[in-house]
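What follows is a short report on a single structure.
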Amino acid sequence: MSALLRVSDLTVEYDTLGGALRAVDGVSFTIAPGETVAIVGESGSGKSSIAHALLRLIPRASGRIAGGRIEFAGEDLAALPEHAMRRVRGARIGMIFQDPMMALNPVYTIGRQIAEPLLLHGSVPVRRAMDRVVELLTLVGVPAPEERIRQYPHNLSGGMRQRVMIAMALASGPRLLIADEPTTALDVTVQAQVLALVDELKARLGMAVLLITHDLAVVSEVAARVVVMYAGRKVEEGPVNEVFADPAHPYTRGLLAASDWSGDPRERLREIPGTVPALAELPEGCSFWPRCPDAEPRCRAARPAELASGARRASCVHAERIWRPS
Amino acid sequence: MTVQVASGVVSLWHRFRRNRAAVLGLAIMALIVLAAAFGPLLYPVDPFDMLGRPSTVPSQRFPLGTDVSGRDILAGLLHGARVSLLIGIAASLAATLVGLVVGALAGYFGGWLDAVLMRTTDFFLTIPSFVLAVLIVAIFQPSVLIITASIAVVSWPSVARLARAEFVSHQGRDYVDACRAMGMSNAEIMLRQILPNALPPVIVIASLMVATAILTESGLSFLGLGDPNIISWGYMIGVGRTVLRTAWWMSAIPGVTILITVLAINLVGEGLNEALNPRMRQR
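Listed in order, the protein sequences are those of chains A and D.
So for the first sequence, the working numbering puts the first residue at 153; every next one is plus one.
So for the second sequence, the working numbering puts the first residue at 182; every next one is plus one.
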């Protein structure tokens, strides 16, 4: 099956006083049509930078896509001129953001904001726009949509706002939805509703979803495949059930252990020792070795190659015995 | 849409009304505007005509007396109001427009464009504004247009800085990213998304700038740098200066008029600030 999105060797750099920092370093992954792929990692692992890079939203004054290809439906988005990129954004790739309060313009009504992408891409005539807005709000499960369209973002609850954001992202029927931490700012009960909604819409509209999150529970609920990021690099990738059942990279193992709540409640919370290194001070070789329980001298010597086994990938020397180089 | 705007104006008025001083300022402003608009029609005396004996005290024929050349002071006051308001408002509008464009471009795009525009702004801010205005008028012929332009040239930098600060803070917010993610162009985002958010503080600054512009214009014409064909309040003070000890009212009348006008505009600006400030809305 040919991929809808094929990211290869994507590198994103940000300028700092100390020189360029690689927030994303040679990351590759694919998304098939209709598939849900999750990118997980801690803060600063580069997962949000990937989301922004896909739509070329990295602020020009502070950073850039320094290398790699982003093939979407046969076109390389990384090389597309800006005006052509504008026709991709919103129309063929939609995006929802972490904090729906911040992602809505406080001075405009809900109806007007959802109508914006419709009119922008000319998908409906102006006089039909509000009917379509009501349809979209009904689709995302907002009750009494005819009244909501006249309200302002601050009149709505967090969950309702996120539904409005989703309606905006879906307005032009995108083939890929990028969800950047879509539930982080929401209550736990609302989180579940929003995730269920995204999942249902995905099936109904046949779009693919790229989910950016740090929440492994969310990943296991909705994603088919997972990409694990650490310090700007992809450390592991594979089908969610296989990766979670038998993680190949020590970092993935640490993440899963840290989020495992099934143990004795009196026991100390399990954690990965140490902290994520600053991008300016990445260690030589594998960037995880200073925190890795299985570190060996050769981990320091060179960056581990990516190894493959079936649909799975991992960049760790310890996977060598069972896996072959990809 | 029109319903939304109308209801916005109504609620703005409700918040504005809570500040009594601002309402008073608005009432005084309305009087001055009416006087400027209809005064010369209701009191049709040419302010440059020498009609009576020089330096007379207020009387039935000359309600506010005459100046050193025997010209009617009331006529001068009414005609001068037109000039002061016209120059004040036109200069503020021009300065606001220029400042908004410069600040928006600098704040939104950042990088080298920001550096170039803001260093230029800083350059203007380092020169004492009144001296620069005098210089510009002295180089060109003093006319209403040149005086307006000179005041605008010295006033835009403060708007530019404010607008830049607003655009910087908004361009980093998620809703701007969301707009870009749906394929909006930079121009659309700046004009239709950020501008409505950035406008309230700029409106306040612009309204206060009208007062400063009126003062600057008065200062220029006091120094004899006004348009010689048009009477203005500053010019009238300048004329009365030589006889300040014998006929103090000649300078005091236009002086107090300027004071009241500037005070009224400041009160309105203060009221607008409170009414437009989102933190005050919830009260």
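The beta carbon of each residue, even a glycine, is placed where N, CA and C say it ideally should be.
Keep in mind the model is a prediction, meaning the values are calculated, not measured.
Query                                                                                                                                                                                         : Result
Could one say the Cβ of Tyr289 of chain D lies closer than 7 angstroms to chain A's Cβ atoms, at least one of them?                                                                           : no
Can you tell which of A:Pro456, A:Ala231, A:Ile330 has the C-alpha that lies nearest to the C-alpha of Glu436 of chain A?                                                                     : A:Pro456
Alpha carbon to alpha carbon, how far is Arg464 of chain D from Met381 of chain A?                                                                                                            : Only weak support exists for where Arg464 of chain D lies, its pLDDT of 40 falling under 50; the coordinates are left without a value.
Could you work out which residues of chain A lie near Ala362 of chain D, taking near to mean beta carbons separated by less than 7 angstroms?                                                 : Leu207, Leu209, Arg241, Gly242, Met247
With a floor of 4 residues, list each alpha helix (DSSP H) that falls wholly inside the segment 349 to 419 of chain A, ordered by position along the chain.                                   : 368 to 374, 392 to 397, 402 to 410
Mind checking which residues open and close the alpha helix (DSSP H) that includes Arg201 of chain D?                                                                                         : 201 to 223
Quick one: what's Ile222 of chain A bridged to in DSSP?                                                                                                                                       : A:Val159
Rounding to the nearest angstrom, what Cα-Cα distance links Gln265 of chain A and His204 of chain A in this structure?                                                                        : 21 angstroms
In chain D, which residues lie with their C-beta within 8 angstroms of the C-beta of Val259 of chain A?                                                                                       : Pro377, Asn378
Kindly list, in the order they appear in chain A, the residues whose Cβ is closer than 7 angstroms to that of Ser366 of chain D.                                                              : Arg238
Could you tell me which of D:Ser273, D:Gly206, D:Gly189, D:Asp253 sits nearest to Val226 of chain D, measuring between CA atoms?                                                              : D:Asp253
Is the Cβ of Gly189 of chain D closer than 7 angstroms to any Cβ of chain A?                                                                                                                  : no
Look at the alpha carbon of Gln345 of chain A and the alpha carbon of Met312 of chain A, and state the distance between them as a whole number of angstroms.                                  : 11 angstroms
Run down chain A in chain order and give the residues with a C-beta less than 7 angstroms from the C-beta of Arg354 of chain D.                                                               : Met254
At 4 residues or longer, and completely inside the segment 228 to 278 of chain A: list those alpha helix (DSSP H) runs for me, N to C.                                                        : 234 to 240, 262 to 272
For a contact meaning CB atoms closer than 7 angstroms, what does Gly284 of chain D contact in chain A?                                                                                       : Under the 7 angstroms cutoff, chain A gives no residues; its nearest Cβ is about 16 angstroms from Gly284 of chain D.
For a contact meaning CB atoms closer than 7 angstroms, what does Ala296 of chain D contact in chain A?                                                                                       : Residues of chain A passing the Cβ test: none, with the nearest at roughly 10 angstroms.
Excluding the 5 residues preceding and the 5 following Arg345 of chain D in the sequence, name in chain order all residues of the same chain whose CB lies nearer than 6 angstroms to its CB. : Gly284, Ala287, Gly288
Expressed to the nearest angstrom, what Euclidean distance is found between the alpha-carbon atoms of Arg443 of chain A and His401 of chain A?                                                : 12 angstroms
Note down, in chain order, every chain D residue with its Cβ under 9 angstroms from the Cβ of Asp251 of chain A.                                                                              : Asp355
Given the structure, does Met417 of chain D come close to the ligand SAM, in the sense that its CB is under 6 angstroms from one of the ligand's heavy atoms?                                 : Questions concerning the ligand SAM fall outside what the structure shown contains, since it holds no ligand whatsoever.
List the whole-angstrom C-beta distance separating Glu223 of chain A from Arg158 of chain A, where the pair is believed to meet the contact cut-off of C-beta under 8 angstroms.              : 4 angstroms
Mind checking Asp251 of chain A: buried by the 16 CB within 10 Å criterion, or exposed?                                                                                                       : buried
Just verifying my parser: in three-state terms, what is the DSSP assignment at Val428 of chain A?                                                                                             : coil
Taking a cut of 9 angstroms between CB atoms, which residues from the segment 211 to 228 of chain A lie near chain D?                                                                         : Pro211, Arg212, Ala213, Ser214
Using DSSP with H/G/I as helix, E/B as strand and the rest coil, what is Arg313 of chain A?                                                                                                   : helix
With a cut-off of 8 angstroms on the beta carbons, I'd call Pro326 of chain A and Ala243 of chain A a contact; round off their distance for me.                                               : 7 angstroms
Flag this pair as yes or no: are the beta carbons of Phe403 of chain D and Ile384 of chain D separated by less than 7 angstroms?                                                              : no
Please report the distance separating the alpha-carbon of Val305 of chain A from that of Asn257 of chain A.                                                                                   : Here residue 305 of chain A is Pro; the residue named in the question, Val, does not match the sequence. Cα to Cα, Pro305 of chain A sits roughly 8 angstroms from Asn257 of chain A.
Could you tell me whether any Cβ in chain A is nearer than 7 angstroms to the Cβ of Gln322 of chain D?                                                                                        : no
At the level of alpha carbons, what is the spacing between Tyr260 of chain A and Phe304 of chain D?                                                                                           : 37 angstroms
To which residues does DSSP link Val164 of chain A through a beta bridge?                                                                                                                     : A:Val176, A:Ile217
Out of A:Ser197, A:Pro425, A:Asp367, A:Arg385, point me to the one whose CA is closest to Asp412 of chain A's CA.                                                                             : A:Asp367
Which residues, taken in chain order from the segment 444 to 457 of chain D, show a beta carbon closer than 7 angstroms to some beta carbon of chain A?                                       : none
Determine the closest residue to Val192 of chain A out of A:Thr427, A:Leu408, A:Arg464, with distance taken between C-alpha atoms.                                                            : A:Leu408
Does any residue of chain D bring its CB to less than 7 angstroms from the CB of Leu308 of chain A?                                                                                           : no
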